[in-house]
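Visitor: Every letter in the sequence shown is one number past the one before it in full-length UniProt numbering, and letter 129, counting from 1, is 129.
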Amino acid sequence: MAKSPKISASHEPGGLIVHISGLLPSLSPAEQRVARLVVADPADAARRTITDLATAAETSEATVIRFCRSVGMDGYPQLRIRLAAEAARRVEPPDARVVGGDIPPGADLAQIIATIAFNDARAVEETAEQLDPAVCEQVVEAIGAAGRIDVYGAGASGFVASDFQQKLHRIGRIAFYFPDVHTALTSAALLGRGDVAVGISHTGTTSDVIEVLEQARERGATTVALTNFPRSPITEVADFVLTTAARETTYRSGATASRLAQLTVVDCLFVGVAARSRARTRKALEATAEAVRSHRVGAGRRRG
1 MAKSPKISAS HEPGGLIVHI SGLLPSLSPA EQRVARLVVA DPADAARRTI TDLATAAETS
61 EATVIRFCRS VGMDGYPQLR IRLAAEAARR VEPPDARVVG GDIPPGADLA QIIATIAFND
121 ARAVEETAEQ LDPAVCEQVV EAIGAAGRID VYGAGASGFV ASDFQQKLHR IGRIAFYFPD
181 VHTALTSAAL LGRGDVAVGI SHTGTTSDVI EVLEQARERG ATTVALTNFP RSPITEVADF
241 VLTTAARETT YRSGATASRL AQLTVVDCLF VGVAARSRAR TRKALEATAE AVRSHRVGAG
301 RRRG
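(1) How many Å lie between M73 and I65 at the Cα?
(2) Write down every uninterrupted run of the alpha helix (DSSP H) in the UniProt domain "SIS" (139-279) whose length is 4 residues or greater and which is fully enclosed by it, in chain order.
(3) So I198 and L226 are in contact, right, with Cβ under 8 Å, and what is the actual spacing, rounded?
(4) Please state if the CB of F164 and the CB of F270 are separated by a distance shorter than 8 Å.
(5) Are the region 189-208 and the region 137-156 touching by the rule of at least three beta carbon pairs closer than 8 Å?
(6) Let's see if you can read the secondary structure: which residues bound the alpha helix (DSSP H) around T63?
(7) Does the Cβ-Cβ distance between residue 316 and T127 come in under 8 Å?
(8) When you compare only the Cα positions, how much space is there between G192 and G147?
(9) Identify which residue in D120, E286 and F178 has its Cα closest to the Cα of R259.
(10) Please report the Cβ distance between T223 and V237, rounded to the nearest whole angstrom; I am assuming they are in contact, meaning their Cβ atoms lie under 8 Å.
(11) Does the Cβ-Cβ distance between I113 and I103 come in under 8 Å?
(12) Alpha carbon to alpha carbon, how far is Q262 from L285? Give it in angstroms, no decimals.
(13) When the Cα atoms are used, what is the spatial distance from A188 to P133?
(14) Excluding the five sequence neighbours on either side, which residues of its own chain have a C-beta within less than 6 Å of the C-beta of P167, listed in chain order?
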């Protein structure tokens, strides 16, 4: 019987909106309508009676109660209290025109810049806030002791996977990244106990990454999933699950805020691994920096 993955959890008192956003794809269509209202305006939802919220979501009071239980609440009163607390702690964007994450038609470049900067910063902050240090520590320990680390990702997540592999390699860790699924599968087939496989997928539904991670797990490797959705399919083949908190929108689907959130987690893991063996890390960084020093333009050298 497959063991349940260890998942990074939200920290009190914040994180409820991030938590609900992450669970949204796993909810029923009616519950998703409730979730979208709650995520869009927690303060407004907190003021509503259960009847008002059900009416606004075009569903029943029973569905609202099921939604509460699906996101870990005992009932609607607890949800309202948590939403009120969440609304009180939310930071408003510096530009009043920055609402949500979408760029409205006719937005000028100043508004576009303000919206992207605010939402990117929020994705990084909320990702860091909801990461469970205990699960991160276990992942760092596994990577630090691994004989070999394979990192997998496709599309935008592939760039993050490549970045993580390069960082680990730079400090002397045996790490590989294979953008081609066939090569990734053959690599995963050679992993074993004591090795670590990391699969990165924003949606958690990328079949290539899931298949490779499953292959690695079957061979006995420790598997780690990095995804935005804690109930997505990739979590079913992971021993450890780390989650991001990115909210993609019209122009940013699966490529911008999610990438920054993933890089935040990757950087936390990398620094965690590096800090466990400072002398080894320092020596490796010095050696690799020296190796490329001759390829850098000196401060006093003229450019042609």
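All C-beta atoms, glycine included, are put in the ideal place defined by N, C-alpha and C.
None of the values given here were measured: they were computed from a predicted structure.
Guide: Once the coordinates are examined:
(1) 9 Å
(2) 156-170, 181-188, 207-218 and 257-276
(3) The sequence shown places Val at residue 198, not Ile. Correct: roughly 7 Å between the Cβ atoms.
(4) yes
(5) yes
(6) Looking at the DSSP string, the run of the alpha helix (DSSP H) that includes T63 is E61 to S70.
(7) Limits of the chain in this structure are 1 at one end and 304 at the other, which puts residue 316 out of reach.
(8) 9 Å
(9) D120
(10) 6 Å
(11) no
(12) Computed Cα separation, rounded: 23 Å.
(13) 27 Å
(14) As written in the sequence, residue 167 is Lys, which differs from the Pro given in the question. Here the set comprises F270.
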